[in-house]
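Asker: Counting from 1 along the sequence shown, just add 6 to a position and that's the residue number in the working numbering. Pasting a structure here, questions to come.
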Amino acid sequence: MTDIATKNDEVQSVDAQISEYYNRLCQRNAGEPEFHQAVLEVLESLKIVLENDPHYADYGLIQRLCEPERQLIFRVPWVDDQGEVQVNRGFRVQFNSALGPYKGGLRFHPSVNLGIIKFLGFEQIFKNSLTGLPIGGGKGGSDFDPKGKSDAEIMRFCQSFMTELHRHIGEYRDVPAGDIGVGGREIGYLFGQYRRLANQHESGTLTGKGLEWGGSLVRTEATGYGLVYFTKEMMAADGKSLNGAKVIVSGSGNVAIYAIEKAQEFGAVVIGCSDSQGWIHTPDGIDLEKLKEIKEVRRDRISAYADEVEGATYHSEGSIWDLECDVALPCATQNELDGEHAQKLVDTGCKYVAEGANMPSTAEAVEVFRKNKIAFGPGKAANAGGVATSALEMQQNASRDSWSFEYTDERLHVIMRNIFRACERTAAEYGHEGDYVIGANIAGFKKVADAMLAQGVI
Ligand code: NDP
Ligand code: 2IT
């Protein structure tokens, strides 16, 4: 049972086997380009592992790894403020539980479909493995658009969504959290409905909760802070630091805001951020309190920042990646940075890129970064601080304890440093020094693969 394809393929090279398997995966999962993209990147990295260590192809391991353990799709009906019935589609993909309960966020965005949830769930397996904490991989969400909805509509939607989801989740089964369009407000409504239906205050079932009812300090900040801790390690490997560096952060949501906060604490000048409609140029840095007020309190557009802060300009044309910077931190969404953007960043002197979002760089962009020896931290490593701190929230819930900000932040810092070192070490071990994509994919894979092999064909 040594081949990834079939028993009869023994004469095929690893390369040919991977290609054949990937083609079959694309056919079986038609119309899911983001899922194909995420799988291909991992399979490409695994070629070297399978060549050196063919036992990782035993027992259909690769096929099992790429097939979710369970995929749920459900109707989410709710009544809007006008009394009209609206129907959305809900998803939860429980991808892999070899290392622990399924763990991963919920995304509410009109673009959500099964392929997007599958790519996110697949990435989450390796990310969660890299944290070193006992969590499997999953993801969920809905094509519901929270923009422009009243609080009451958001609440009714969340209640309906949880009315179905509640039977599939639990502290030892599957633990959802936030992602795009799902923050503290949504987790509150989701948890309230879960608690009511389960008839128990099972706090370990969701993470990102409010601090008064089982939430963890640092969870709000964790993804952005973790991203900057990872970036700091990546720069330190070159003897560089963030102090005085010019940084671009795309997006202006949860991840972006706290990446900006931590980058500024380390002395960086953040010269721009964005939302889905445009971007701002802030050559003298960002007034973070103002940004938080606009985005977190008023839930307004990023253009409001340029209207209200002198020296900032708003652009609805062109791209934030046209700005000249030392460090680029894409923190909005998948495939927001393409090959041309990457080339522009390289040409204007950017030396470090770390992904706060999940798969924000297209395959072409990653290729440009690699060819030009840009230090590139892939999302599954660089943005793992959010889910890692979720796992710390689960630890606190399990022990009915709550830790201080400083202690939790220090744990996060150590986890991010360890992730960076695992990526660095693994890349070097396989002869690809400095290639953190290969490092992250292989280090994340091996732990899950060892667990799956030990647990048999299930
Ligand atoms: P938020 O909803 O808080 O913010 C999302 C930001 O990205 C907004 O500025 C939004 O702009 C922008 N954005 C969303 N969709 C698009 C799009 N299609 N095109 C351009 N811009 C877009 O989400 P988060 O900050 O939580 O998530 C951002 C990224 O980080 C996602 O890729 C997510 O998967 C990833 N991530 C999140 C973690 C977390 O803990 N929250 C953990 C790890 C990764 P607009 O307001 O105009 O829609
Ligand atoms: O992509 C991610 O890692 C998240 N959205 C966070 C998941 C979590 O369970 O905290």
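Each residue gets a CB set at the ideal place from its N, CA and C atoms; glycine is no exception.
Taking only the alpha-carbon atoms, compute the straight-line gap between serine 256 and glycine 462 and give it to the nearest angstrom.
Answerer: Position 250 of the sequence shown, counting from 1, holds the residue named residue 256. Position 456 of the sequence shown, counting from 1, holds the residue named residue 462. Rounded to the nearest angstrom, the two C-alpha atoms are 43 Å apart.
Asker: Let me confirm a value: arginine 305 is counted as buried when at least 16 other C-beta atoms fall within 10 Å, else exposed. Which label applies?
Answerer: Stepping through the sequence shown from its first residue, residue 305 is reached at position 299. When all chains shown are included, arginine 305 counts as exposed.
Asker: My output table needs one value for methionine 7: the three-state DSSP class, helix, strand or coil.
Answerer: Here the question's residue 7 lines up with position 1 in the sequence shown. The predicted model places methionine 7 with a pLDDT of 43, which falls under 50 and marks its position as unreliable; any figure quoted below should be read in that light. It is coil, neither helix nor strand.
Asker: Please state whether DSSP places lysine 13 in a helix, a strand or coil.
Answerer: The residue labelled residue 13 in the question sits at position 7 within the sequence shown. For lysine 13, the predicted model reports a pLDDT of 49, less than 50, meaning its position is unreliable; a value from the coordinates is still stated below. Of the three classes helix, strand and coil, the one that applies to lysine 13 here is helix, per DSSP.
Asker: From this set, Ile79, Leu418, Ser247, Glu299, which residue's C-alpha is nearest leucine 171's C-alpha?
Answerer: The sequence position of residue 171 within the sequence shown is 165, counting from 1. The candidate whose alpha carbon is nearest that of leucine 171 is Ile79.
Asker: Do asparagine 364 and the ligand 2IT come close, with the Cβ less than 7 Å from some heavy atom?
Answerer: By one-based count along the sequence shown, residue 364 stands at place 358. Result yes, Cβ under 7 Å from the ligand 2IT.
Asker: Quick one: is isoleucine 464 buried, meaning 16 or more other Cβ sit within 10 Å of its Cβ, or exposed?
Answerer: As a first step, residue 464 is located in the sequence shown; it is residue number 458 there, counting from the start. Isoleucine 464 comes out exposed.
Asker: Assuming proline 384 and tyrosine 320 form a contact by the criterion Cβ under 8 Å, report the distance between their Cβ atoms to the nearest whole angstrom.
Answerer: Position 378 of the sequence shown, counted from the first residue, corresponds to residue 384. Position 314 of the sequence shown, counted from the first residue, corresponds to residue 320. That pair is no contact at about 30 Å.
Asker: Per DSSP, what kind of secondary structure is lysine 153 in: helix, strand or coil?
Answerer: If you number the sequence shown from 1, residue 153 lands on position 147. It is coil, neither helix nor strand.
Asker: Report the rounded CA-to-CA distance for lysine 13 versus asparagine 58, giving the unit in angstroms.
Answerer: Taking the sequence shown and counting its residues from 1, one reaches residue 13 at position 7. Taking the sequence shown and counting its residues from 1, one reaches residue 58 at position 52. Note that lysine 13 has pLDDT 49, beneath the 50 cutoff, so the model's placement of it is unreliable and the number below is only indicative. For lysine 13 and asparagine 58, the distance between alpha carbons rounds to 19 Å.
Asker: With DSSP collapsed to three states, give me the class of valine 359.
Answerer: Here the question's residue 359 lines up with position 353 in the sequence shown. Three-state result, valine 359: strand.
Asker: Quick check: what's the CA-CA separation for threonine 8 versus isoleucine 68?
Answerer: As a position in the sequence shown, residue 8 is number 2, starting the count at 1. As a position in the sequence shown, residue 68 is number 62, starting the count at 1. Reliability fails at threonine 8, whose pLDDT of 49 lies under 50, so the model's placement of it is uncertain and no value is given.
Asker: Counting only runs that start and end within the segment 69–99, where is the beta strand (DSSP E) found for 3 or more residues in a row?
Answerer: Whole beta strand (DSSP E) segments, 3+ residues: 76–85.
Asker: Can you give me the start and stop residues for the alpha helix (DSSP H) that glycine 437 sits inside?
Answerer: Counting from one through the sequence shown, the residue named residue 437 turns up at place 431. Looking at the DSSP string, glycine 437 is not in any alpha helix (DSSP H), and its letter there is neither H nor E.
Asker: Less than 7 Å between the CB of alanine 360 and some heavy atom of the ligand NDP, yes or no?
Answerer: Against the sequence shown, residue 360 aligns to sequence position 354. Every heavy atom of the ligand NDP is 7 Å or more from the Cβ of alanine 360, so no.
Asker: Considering only DSSP beta bridges, list what valine 319 is partnered with.
Answerer: The residue you call residue 319 lines up with position 313 of the sequence shown. A small fix is needed here, since residue 319 is threonine in this sequence, not valine. DSSP output for threonine 319 lists His287 as bridge partner(s).
Asker: Are at least three pairs of beta-carbons, each pair with one atom in the segment 449–460 and one in the segment 403–422, less than 8 Å apart?
Answerer: Touching, no.
Asker: With 16 as the cutoff for other CB atoms within 10 Å, does glutamine 23 come out buried or exposed?
Answerer: Position 17 of the sequence shown holds residue 23. The residue is buried, with at least 16 neighbouring Cβ atoms inside 10 Å.
Asker: In whole angstroms, what separates the C-alpha of arginine 162 from that of isoleucine 444?
Answerer: By 1-based counting over the sequence shown, the position of residue 162 is 156. By 1-based counting over the sequence shown, the position of residue 444 is 438. Each residue's Cα considered, the two are about 43 Å apart.
Asker: Three-state secondary structure (DSSP) at leucine 31?
Answerer: Counted from its first residue, the sequence shown places residue 31 at position 25. Reduced to three states, the DSSP call for leucine 31 is helix.
Asker: Just the C-alpha distance for leucine 297 and serine 258, rounded to the nearest angstrom, thanks.
Answerer: As a working note, residue 297 is residue 291 in the sequence shown. As a working note, residue 258 is residue 252 in the sequence shown. Rounded to whole angstroms, leucine 297 to serine 258 spans 8 Å at the Cα level.
Asker: Do glycine 210 and alanine 404 come within 8 Å of each other at the CB atom, strictly closer than that value?
Answerer: Mapped onto the sequence shown, residue 404 falls at position 398. Mapped onto the sequence shown, residue 210 falls at position 204. Yes.
Asker: Kindly identify the DSSP beta-bridge partner or partners of aspartate 185.
Answerer: On the sequence shown, position 179 is the one that residue 185 refers to. Looking at the DSSP assignment, aspartate 185 forms a beta bridge with Val188.
Asker: Can you give the Cα-Cα distance for glycine 392 and asparagine 424, rounded to whole angstroms?
Answerer: Looking up residue 392 in the sequence shown gives position 386. Looking up residue 424 in the sequence shown gives position 418. The straight-line gap from Cα to Cα measures roughly 15 Å.
Asker: Can you tell me whether glutamate 361 is buried or exposed, with buried defined as 16 or more other CB within 10 angstroms of its CB?
Answerer: If you number the sequence shown from 1, residue 361 lands on position 355. By the 10 Å Cβ count, glutamate 361 comes out buried.
Asker: Going by the beta-carbon positions, is the gap between glycine 284 and serine 325 smaller than 8 Å?
Answerer: Position 278 of the sequence shown, counting from 1, holds the residue named residue 284. Position 319 of the sequence shown, counting from 1, holds the residue named residue 325. Cβ atoms of glycine 284 and serine 325: not closer than 8 Å.
Asker: If you scan the segment 372–404 from start to end, which runs of the alpha helix (DSSP H) of 4 or more residues do you find wholly inside it?
Answerer: For the segment 372–404, whole alpha helix (DSSP H) runs of length 4 or above, ordered along the chain, are 385–388, 391–404.
Asker: Among the residues of its own chain, which have a CB less than 7 Å from the CB of valine 352, if the five just before and after it don't count?
Answerer: As a position in the sequence shown, residue 352 is number 346, starting the count at 1. Within the same chain, valine 352 has close Cβ partners Val374, Asn378, Ile380.
Asker: Among the residues of its own chain, which have a CB less than 7 Å from the CB of cysteine 331, if the five just before and after it don't count?
Answerer: Here residue 331 corresponds to residue number 325 of the sequence shown, with the count starting at 1. Cβ within range, chain order: Lys252, Val253, Ile254, Ile277, Cys356.
Asker: Hey, could you find the ends of the beta strand (DSSP E) leucine 335 is sitting in?
Answerer: Here residue 335 refers to the residue found at position 329 when the sequence shown is read from its first residue. Residues 333–335.
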